[in-house]
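Asks: Take the sequence shown: its position 273, counting from 1, is numbered 273 in the UniProt record's numbering, and each next residue is one higher. Cβ atoms here follow ideal geometry from the backbone N, Cα and C, with glycine treated the same way.
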Amino acid sequence: MARKIMQALLFPFALSVLLVGVYTAAMHAPAPHEMKVAVAGPPAQTAPLAASLQKAVGHAYDITTVTTSERARQLVEHRTVAAAYVPAPSPGDRTAGTASTSFAQPAQPNGPVLYVASAAGAAGVTMAAAPFENAAVQQRQFLQVRDLVPLSPHDTSDTTTMYASIGLTLAGYLPVVVLTTAFGPALKRRRAVAALAAFGAVTTITIWAVAGPVLGALHGSAPAIWVTGWLTVMAVGMGTLLLSRFCGRLTALPAAAIFMFLGMPASGAALPIDTMPALVRAFHDVLPLTSTSGSLRQIMYFDGNGIADYWLTLALWAIAGLALTAAYDTLKARRSTGRKETSDDRAPLPLQAVPSTSR
1 MARKIMQALL FPFALSVLLV GVYTAAMHAP APHEMKVAVA GPPAQTAPLA ASLQKAVGHA
61 YDITTVTTSE RARQLVEHRT VAAAYVPAPS PGDRTAGTAS TSFAQPAQPN GPVLYVASAA
121 GAAGVTMAAA PFENAAVQQR QFLQVRDLVP LSPHDTSDTT TMYASIGLTL AGYLPVVVLT
181 TAFGPALKRR RAVAALAAFG AVTTITIWAV AGPVLGALHG SAPAIWVTGW LTVMAVGMGT
241 LLLSRFCGRL TALPAAAIFM FLGMPASGAA LPIDTMPALV RAFHDVLPLT STSGSLRQIM
301 YFDGNGIADY WLTLALWAIA GLALTAAYDT LKARRSTGRK ETSDDRAPLP LQAVPSTSR
């Protein structure tokens with residue numbers, strides 16, 4: 001009995017250690033790595049400044065130059081760069097966007113302007129501003145920070161997309177784990193897919209209703225949010241269904257490790273992906289949680305621009321997971337049939353009774 005108890009407890013033990021180990025390794029000391037920022041102004045002014053800044057920050061930032069402040073604002077608004085620095089702004093440059101609430105603002109601004117978009121990731125704004133704050137201090141100037149795409153008043157902590165993405169990811173792999181554990185081989189693939197599709201629709205609408213109309217934190221196009229949620233459930237669910245063919249009752253462990261423990265830091269939902277270790281960054285464009293959080297953020301704050309690519313990634317996960325599972329099931333069935341036929345061929349023929357002859 002003691003041995004069985006220990007074996008049963010190995011699963012929650014491994015799950016707990018994985019969670020702490022992966023999250024801590026990935027996010028305990030975030031540091032920028034080639035974070036993209038820009039300097040705007042005439043080339044004669046920006047070229048030496050950008051070169052000086054690049055030398056000072058090394059590989060932590062990737063500093064580019066643009067000739068106009070308008071172009072700098074476009075780069076920030078389209079999330080091409082995390083921040084844009086205008087050393088000699090015009091009066092119009094000082095009124096773009098809103099005053100950032102994350103930085104102290106000068107009473108009478110007369111120094112450089114820094115453009116940020118907190119809606120692109122509030123955690124990254126401070127890191128993106130750091131080299132330009134230092135530059136302004138060295139020049140004895142007060143940096144004015146303007147937020148071009150601010151966070152919603154109902155999402156000031158910038159956590160709505162992260163929590164919604166976590167919930168939708170859980171809604172993808174937990175049902176498959178529960179169903180495969182409860183029914184085992186008796187659960188046919190078609191029934192599992194149908195159940196997951198229906199469950200995904202109901203859960204997505206429920207999550208949207210709670211985070212959106214009820215709490216007011218999740219906003220934007222409701223149909224786009226529904227599509228994102230349902231695709232997430234199917235993508236993660238089909239991936240988990242494939243894992244169940246190899247891992248059986250232990251499916252929850254690799255599913256949680258891939259889709260949640262690795263997926264969260266790799267998504268950039270909690271901290272900017274530019275601050276993650278190289279191994280984590282390598283999975284950024286691959287795992288479903290990136291597409292879920294990215295799609296929700298674009299829907300909430302950036303008019304849904306670019307969500308087609310996110311949806312395509314989720315759809316590919318769902319299709320590939322289902323196709324590979326079907327291929328595995330077909331191959332397994334053929335092998336089982338082949339073994340049965342071979343066994344039948346090798347079975348000894350039944351002895352036939354020889355009729356006796358009476359003399």
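Determine which residues share a DSSP beta bridge with R146 and list them.
Replies: DSSP lists A99 and Y115 as partners of R146.
Asks: Against chain C, does F199 count as a neighbour if the rule is that its beta carbon must be under 8 angstroms from one of theirs?
Replies: As a matter of chain content, chain C is missing from the structure shown, which is built from one protein chain.
Asks: Name the DSSP beta bridge partners of D62, please?
Replies: Answer by DSSP bridge pairing, in chain order: K36.
Asks: Please state whether DSSP places A282 in a helix, a strand or coil.
Replies: Reduced to three states, the DSSP call for A282 is coil.
Asks: For R359, which of helix, strand or coil comes out of DSSP?
Replies: A caution first: R359 carries a pLDDT of 44, below 50, which makes its placement in the model unreliable, though a value can still be read off. Coil.
Asks: Roughly how many whole angstroms lie between the Cα atoms of G294 and T126?
Replies: If you take the alpha carbons of G294 and T126, they lie about 20 angstroms apart.
Asks: Indicate whether the contact test is met: 3 or more Cβ pairs, each with one atom in the segment 264 to 272 and one in the segment 284 to 304, closer than 8 angstroms.
Replies: Yes, the segment 264 to 272 is in contact with the segment 284 to 304.
Asks: Alpha carbon to alpha carbon, what distance is there between D155 and L143?
Replies: Their backbone Cα atoms lie some 26 angstroms apart in a straight line.
Asks: Taking just the CA atoms, how far does Q108 sit from P277?
Replies: Cα-Cα distance, rounded: 41 angstroms.
Asks: Restricting to runs no shorter than 4 residues, where is the alpha helix (DSSP H) found entirely within the segment 229 to 263?
Replies: If we require 4 residues or more, the alpha helix (DSSP H) runs fully inside the segment 229 to 263 come out as 252 to 256.
Asks: Inspect the CB distances between the segment 165 to 179 and the segment 228 to 244 and report whether three or more fall short of 8 angstroms.
Replies: Taking 8 angstroms as the limit for Cβ pairs, the verdict is that the segment 228 to 244 does touch the segment 165 to 179.
Asks: In its own chain, which residues sit with a C-beta less than 6 angstroms from the C-beta of L53, not counting the 5 before and 5 after it?
Replies: Counting only Cβ-Cβ distances below 6 angstroms, and skipping sequence neighbours, we find I63 and P131.
Asks: With distances taken between CB atoms, is the gap from M27 to A82 smaller than 8 angstroms?
Replies: Cβ atoms of M27 and A82: not closer than 8 angstroms.
Asks: So, helix, strand or coil for A217, using DSSP?
Replies: Three-state DSSP puts A217 in coil, outside helix and strand.
Asks: Between which two residues does the beta strand (DSSP E) carrying A84 extend?
Replies: That run of the beta strand (DSSP E) goes A83 to V86.
Asks: Below 8 angstroms, can you find three or more Cβ-Cβ pairs linking the segment 34 to 49 to the segment 75 to 91?
Replies: With a cut-off of 8 angstroms, the segment 75 to 91 and the segment 34 to 49 count as touching, because enough Cβ pairs lie within range.
Asks: Could you pull the start and end residues of the alpha helix (DSSP H) that residue 368 belongs to?
Replies: Residue 368 lies beyond the residue range present for the chain, which begins at 1 and ends at 359; the question has no answer from this structure.
Asks: If you check the beta carbons only, do R281 and T161 fall under 8 angstroms apart?
Replies: No, Cβ-Cβ distance for R281 and T161 is not below 8 angstroms.
Asks: For the segment 311 to 321 against the segment 224 to 236, are there 3 or more C-beta pairs whose distance is under 8 angstroms?
Replies: With a cut-off of 8 angstroms, the segment 224 to 236 and the segment 311 to 321 count as touching, because enough Cβ pairs lie within range.
Asks: If the criterion is Cβ atoms closer than 8 angstroms, does the pair G263 and L279 meet it?
Replies: No, the pair does not count as a contact, with Cβ atoms beyond the cut-off.
Asks: How about the segment 98 to 115 and the segment 134 to 151: do they share at least three Cβ pairs that are nearer than 8 angstroms?
Replies: Because the criterion of three Cβ pairs below 8 angstroms is met, the segment 98 to 115 and the segment 134 to 151 touch.
Asks: Which one of E70, A320, P32 and G212 has the shortest CA to CA distance from Y163?
Replies: The shortest C-alpha separation from Y163 is found at G212.
Asks: Does the Cβ-Cβ distance between T180 and T251 come in under 8 angstroms?
Replies: Contact flag set, yes.
Asks: Report the rounded CA-to-CA distance for T325 versus D303, giving the unit in angstroms.
Replies: Taking the straight line joining both Cα atoms gives about 36 angstroms.
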